[in-house]
Amino acid sequence: MLNIQLAAKYATAIFEIARDENNLDGYDKDLGKVREDVFAIPEAVKFFQNPLIPQQAKKDLLTRAVGKEVSATVMNFLMLLVDKKRIGVFNEIYDIFTNLKNKEQGVLIADVTTAFPLSKKQQDALIKKLTSLTGRKIKVRPHKDTSIIGGIILKIGDKRIDGSAAGRLRALKNSLSVNSI
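In this text, residue positions in the sequence shown follow the numbering used here: the first is 1, and each later residue adds one.
Written out as structure tokens, the structure reads:
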């Protein structure tokens, strides 16, 4: 709980800087690059969360990994996180930053789970349909789960629509068990 509160403070700080500079997308791109190149690697996350590893070693690794690929402000932010011993919660900071950015820009995230990846055409059609239904900008976050057999599971905010083959089979099974009593 404390880590989430700390992450929220740092995420809000970098979000406010990005908003003041009218560069939310640029900061999101840079922070996303850091996440993709460094914090998507489990061993790297363990490295940065380990309190026995010297701060300078963490700074050196960040500089080598992304120093030339992100803005000076984002690099300074990363160094501050290392100095304050908060770099271990970078993924949480990035998630909160992304949520703040999406809220500011009126974007809804649609988590779309399918058994097989959607084609670009299918994804565009889904975005168009969801945009017309919600009246908001939609970004699709795809997930693959072969256990759903086919169809789609859609989650936007607290709404979940299960149009998967596995979900329909479960509903049919439940319906048959209730009717047989």
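The beta carbon of each residue, even a glycine, is placed where N, CA and C say it ideally should be.
Annotation for Leu100: the continuous alpha helix (DSSP H) segment containing it runs 90-105. For the set Asn174, Ala57, Ile96, the Cα lying nearest the Cα of Ala8 is the one of Ile96.
Less than 8 Å separates the beta-carbon of Asp145 from that of Ala115. Under DSSP, the beta-bridge partners assigned to Asp162 are Ile153. Excluding five sequence positions before and after Leu78, the CB atoms of its chain that fall closer than 6 Å to its own CB belong to Leu62, given in chain order.
The segment 125-142 and the segment 31-44 do not touch, with fewer than three beta-carbon pairs separated by less than 8 Å. Note on geometry: alpha-carbon atoms of Leu31 and Ala165 lie some 37 Å from one another. Counting other Cβ atoms within 10 Å of its Cβ, Ala18 reaches 16 or more and is therefore classed as buried. In this structure, the beta-carbon distance from Val66 to Lys101 does not fall below 8 Å. Ranking Asp124, Tyr10, Lys155 by CA distance to the CA of Val112 puts Lys155 first. When C-alpha distances from Pro117 are compared across Val70, Gly26, Phe47, Ile153, the shortest belongs to Ile153. The DSSP-derived three-state label of Ala11 is helix. Arg35: not part of any beta strand (DSSP E); DSSP gives it neither H nor E. Per DSSP, Arg64 is one residue of the alpha helix (DSSP H) stretching across 55-66.
Note on geometry: alpha-carbon atoms of Ile149 and Glu16 lie some 43 Å from one another. Val178 is classed as exposed because its beta carbon has fewer than 16 other beta carbons within 10 Å across all chains shown. Close CB contacts of Gly88 within its chain, under the 7 Å cut and outside five residues either way in sequence, are with Phe48, Gln49 (chain order). In the DSSP assignment, Pro142 falls within the beta strand (DSSP E) that extends over 137-144.
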